[in-house]
Amino acid sequence: MTTTTVPVASREDALAVIDPNSYADWDKALDTFDRLRRDTPVVRIDSPDGEFDSFWLLTRYEDAMRVSKDNAHFLNAPRPSVFTSKQGEEFARQITRAQGDESPNLVSSLVALDAPKHPQLRRLTQEWFMPKNLRTIEAAVRELAAKTADRFVAAGPEADFVPLVAAPYPLHVVMQILGVPEEDEPRMLFLTQQMFGGQDEELNKSGLANLSPEQIFQIVTGAVADFEAYFEGLAAQRREHPTTDVATLLANADISARDRAGYYIIVAAAGHDTTSASTAGAMLALARDPEQFAKVKADRSLVPGIVEEAIRWTTPVQHFMRTATEDTQIGDVTIKAGDWLMINYVAANHDPAQFDNPRKFDATREANRHIAFGAGAHQCLGLHLARLEMRLLFEALLDRIDSVELAGEPRRAKSTFVGGLKTLPLRFSAC
Ligand code: HEM
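Following the numbering used here, the numbering of the sequence shown begins with 12 at its first residue and continues without gaps.
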């Protein structure tokens with residue numbers, strides 16, 4: 012059935028979807044998505060002050076899946092693939108125009124490309140990230156997990172899990188893959204947090220609350236330029252001294268310098284803040300639920316369930332955007348060619364039509380087919396790596412701690428894009 016009236020979100024709901032602060036108040040954000048999904052599952056979000064172009068918000072799991080999998084009719088490249096203000100998009104276009112390849116996305120990376128270029132680039136590293144190849148790095152990741160867990164225990168009986176474990180561990184793994192030496196990791200962490208945490212004044216280290224879009228954009232642009240310069244040097248080194256890592260694959264690929272830099276940047280950036288958020292979320296869930304902690308401690312076969320549920324429950328990547336190529340119907344709403352859509356993974360992963368009692372963390376949840384890694388051609392390249400890292404870390408932690416509880420209120424990052432805990436104060440007893 013096609014309706015003639017277009018569902019448009021109220022000003023308050025529009026702000027709740029686009030304001031980074033609202034994602035820091037998680038339960039309230041979930042309440043908003045629940046109400047929108049129930050009343051207007053496909054709803055237009057208009058800018059209350061004209062700062063951004065209107066887009067359609069998808070809150071139902073089935074719509075999120077359909078759009079994600081239909082890569083012929085819902086593209087990543089024409090408009091920003093991450094929610095951006097008009098001004099931000101224009102800045103990106105100015106910069107990329109000057110580089111001779113105008114794009115609304117500052118970085119030419121997998122998430123900003125469509126076929127035929129996207130599958131060509133993706134194929135370069137796809138095999139490397141599959142479980143078979145990951146077995147070649149499993150022992151090294153296990154060792155790192157053990158060291159990280161030891162460091163955590165040594166800092167007890169009270170410690171903040173995020174800076175000690177959740178942030179440095181996935182960063183170290185992805186930096187090893189990219190061939191970044193340990194001494195350069197803090198710089199990479201700083202740059203990624205500036206790029207992804209650009210909306211949170213604590214994470215972008217600017218010390219300025221309420222940054223203007225221009226200020227945020229300048230911080231992000233600076234971080235991208237720094238990344239590019241750094242990885243150009245690294246590629247030159249790998250061409251001279253090849254190894255079996257991803258850095259070598261990329262250094263020797265027949266692609267432009269801009270595409271190569273974009274590839275390094277997406278793997279470096281996507282590869283750790285995300286896993287860090289789901290790792291911290293898993294620990295939060297266990298700290299709040301001593302019974303579930305005792306269960307998984309006694310039965311390690313539950314660890315993969317903890318990992319998968321934590322990824323759904325936290326949904327670290329909160330959205331990606333798509334652009335429709337032709338008029339199409341989603342539910343009761345007609346989407347026009349050229350319209351911009353937000354696949355909201357947080358809302359989709361909390362859709363009661365797909366998940367019973369979605370706000371409950373349940374390590375034994377059956378058929379946990381969440382969409383936290385996306386779906387279709389762009390589905391997360393690093394999903395097997397993320398699962399492996401988390402499994403090995405929780406095995407190491409469960410070997411070392413007997414009990415864990417909250418030692419203070421955890422705080423979430425303010426971000427519309429990659430979100431999660433920035434502090435997780437814990438009290439625990441070592442075995
Ligand atoms: C829990 C951790 C992670 C989550 C929740 C996550 C989530 C996502 C999501 C939602 C997408 C977009 C999917 C889509 O558009 O359909 C994505 C893409 C991507 N992720 Fe992850 N990710 C995680 C970890 C990682 C890791 C460890 C890596 C690293 C190596 C990685 C690398 C990438 C890359 C390269 C893409 C772009 C793929 C493409 O466009 O073809 N991610 N991820």
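Just so you know, even glycine gets a beta-carbon here, dropped at the ideal spot from N, CA and C.
**Report entry** As assigned by DSSP and simplified to three states, the class of Thr445
**Finding:** This structure leaves residue 445 out entirely; the chain is present only between 12 and 442.
Requested in this report: Run the proximity test for Arg134: is its beta-carbon closer than 7 Å to any non-hydrogen atom belonging to the ligand HEM?
Outcome: Within the sequence shown, numbered from 1, the residue matching residue 134 stands at position 123. No.
Query raised in the report: If you draw a straight line from the alpha carbon of Ala374 to that of Leu399, how long is it in whole angstroms?
Result: What you label residue 374 is simply residue 363 of the sequence shown in a count that begins at 1. What you label residue 399 is simply residue 388 of the sequence shown in a count that begins at 1. Ala374 and Leu399: Cα-Cα distance of roughly 16 Å.
Requested in this report: Identify the continuous alpha helix (DSSP H) that holds Pro436 and give its terminal residues.
Outcome: Mapped onto the sequence shown, residue 436 falls at position 425. It is not in any alpha helix (DSSP H) - Pro436 instead sits in the beta strand (DSSP E) that spans Pro436 to Ala441.
Query raised in the report: What distance in whole Å lies between the Cβ atoms of Val357 and Thr326, which are believed to be in contact at a cut-off of 8 Å?
Result: Your numbering for residue 326 matches position 315 in the sequence shown. Your numbering for residue 357 matches position 346 in the sequence shown. Indeed they touch by this definition, with Cβ atoms about 5 Å apart.
Query - Counterpart residues of Met353 in DSSP-defined beta bridges - result: By one-based count along the sequence shown, residue 353 stands at place 342. Partner(s): Leu68 and Met332.
Query raised in the report: Start and end of the beta strand (DSSP E) containing Asp171?
Result: The sequence position of residue 171 within the sequence shown is 160, counting from 1. In the DSSP annotation of this structure, the continuous segment of the beta strand (DSSP E) that includes Asp171 starts and ends at Glu169 to Asp171.
Query raised in the report: In terms of residues, what are the limits of the beta strand (DSSP E) holding Glu416?
Result: Translated into the one-based positions of the sequence shown, residue 416 becomes position 405. From DSSP, the beta strand (DSSP E) with Glu416 extends over Ile412 to Leu417.
Requested in this report: Let me know if Leu219 comes out buried or exposed under the rule of 16 or more other beta-carbons within 10 Å of its beta-carbon.
Outcome: Reading the sequence shown from its first residue, position 208 is the one you call residue 219. Residue placement at Leu219 is poorly supported in this model, since its pLDDT is 45, which falls under 50; the coordinates still yield a value, given next. Label assigned to Leu219: exposed.
Report task. Measure the CB-CB distance between Leu86 and Thr336 and report whether it falls below 8 Å. Result -> Position 75 of the sequence shown, counting from 1, holds the residue named residue 86. Position 325 of the sequence shown, counting from 1, holds the residue named residue 336. Closer than 8 Å, so yes.
**Report entry** Residue interval of the beta strand (DSSP E) (run including Arg55)
**Finding:** Along the sequence shown, read from residue 1 onward, the residue named residue 55 stands at position 44. Here the beta strand (DSSP E) through Arg55 covers Val53 to Ile56.
Query raised in the report: CB of His129 to nearest heavy atom of the ligand HEM: below 7 Å?
Result: Looking up residue 129 in the sequence shown gives position 118. Correct: His129 has its Cβ closer than 7 Å to the ligand HEM.
**Report entry** Nearest-angstrom Cα separation, counted from Ala293 out to Ile317
**Finding:** As a first step, residue 317 must be located in the sequence shown, where it is residue number 306. As a first step, residue 293 must be located in the sequence shown, where it is residue number 282. Going from the Cα of Ile317 to the Cα of Ala293 covers about 7 Å.
Query raised in the report: What do you get for Gly190, buried or exposed, if any count of 16 or more other CB atoms within 10 angstroms of its CB means buried?
Result: For the purposes of this step, residue 190 is taken as the residue at position 179 of the sequence shown. Buried, by the Cβ-count rule.
**Report entry** heavy atom of the ligand HEM below 7 Å from Thr427 C-beta
**Finding:** The residue you call residue 427 lines up with position 416 of the sequence shown. Outside the cutoff, so no.
Query raised in the report: Can at least three beta-carbon pairs, one atom from the stretch 332-351 and one from the stretch 74-92, be found at a separation below 8 Å?
Result: yes
Query raised in the report: For Thr147 versus Leu392, is the C-beta spacing smaller than 8 Å?
Result: Mapped onto the sequence shown, residue 147 falls at position 136. Mapped onto the sequence shown, residue 392 falls at position 381. Cβ atoms of Thr147 and Leu392: not closer than 8 Å.
Query - Member of Tyr274, Thr107, Pro181 and Ala296 whose CA lies at the smallest distance from the CA of Phe238 - result: Translated into the one-based positions of the sequence shown, residue 238 becomes position 227. Nearest C-alpha to Phe238: Tyr274.
Requested in this report: Note down the Cα distance separating Leu295 from Ala418, rounded to an integer number of angstroms.
Outcome: Taking the sequence shown and counting its residues from 1, the one referred to as residue 295 is at position 284. Taking the sequence shown and counting its residues from 1, the one referred to as residue 418 is at position 407. When rounded, the distance between both Cα atoms is 11 Å.
Requested in this report: Could you work out which residue in Ser312, Arg49 and Met76 is closest to Gly387 when comparing CA atoms only?
Outcome: For the purposes of this step, residue 387 is taken as the residue at position 376 of the sequence shown. Per the Cα distances, Met76.
Requested in this report: State the Cα-Cα distance for the pair Ala309 and Glu406, rounded to the nearest angstrom.
Outcome: On the sequence shown, position 298 is the one that residue 309 refers to. On the sequence shown, position 395 is the one that residue 406 refers to. Approximately 11 Å, taken between the alpha carbons.
Query - Beta-carbon separation (whole angstroms), Arg62 vs Ser96, contact threshold 8 Å - result: Counted from its first residue, the sequence shown places residue 62 at position 51. Counted from its first residue, the sequence shown places residue 96 at position 85. The amino acid occupying residue 62 in the given sequence is Glu; Arg does not appear at that position. Indeed, because the Cβ distance is near 5 Å, the residues count as touching under 8 Å.
Query raised in the report: Hey, which unbroken runs of the alpha helix (DSSP H) at 4 residues or more fall wholly within the stretch 145-198?
Result: 179-188
Query raised in the report: Quick one: what does DSSP say Gln365 is sitting in, helix, strand or coil?
Result: Translated into the one-based positions of the sequence shown, residue 365 becomes position 354. Gln365 falls in the coil class under three-state DSSP.
Report task. State the start and end residues of the unbroken alpha helix (DSSP H) segment that holds Val278. Result -> If you number the sequence shown from 1, residue 278 lands on position 267. Residues Ala268 to Ala281.
Query raised in the report: Looking at C-beta atoms only, is the number of pairs between the stretch 16-27 and the stretch 51-68 that lie closer than 8 Å three or more?
Result: yes
Query raised in the report: So, do the stretch 429-439 and the stretch 179-186 have three or more beta carbon pairs nearer to each other than 8 Å?
Result: no
Report task. Pick helix, strand or coil for Leu432, following the three-state DSSP scheme. Result -> Position 421 of the sequence shown, counting from 1, holds the residue named residue 432. Correct three-state label for Leu432: strand.
Query raised in the report: Exposed or buried, which one is Asp125 when buried takes at least 16 other CB atoms within 10 Å?
Result: The residue labelled residue 125 in the question sits at position 114 within the sequence shown. Asp125 should be labelled buried.
Query raised in the report: Does the ligand HEM have a heavy atom nearer than 7 Å to the CB of Ala151?
Result: Taking the sequence shown and counting its residues from 1, the one referred to as residue 151 is at position 140. False, no ligand heavy atom lies under 7 Å from that Cβ.
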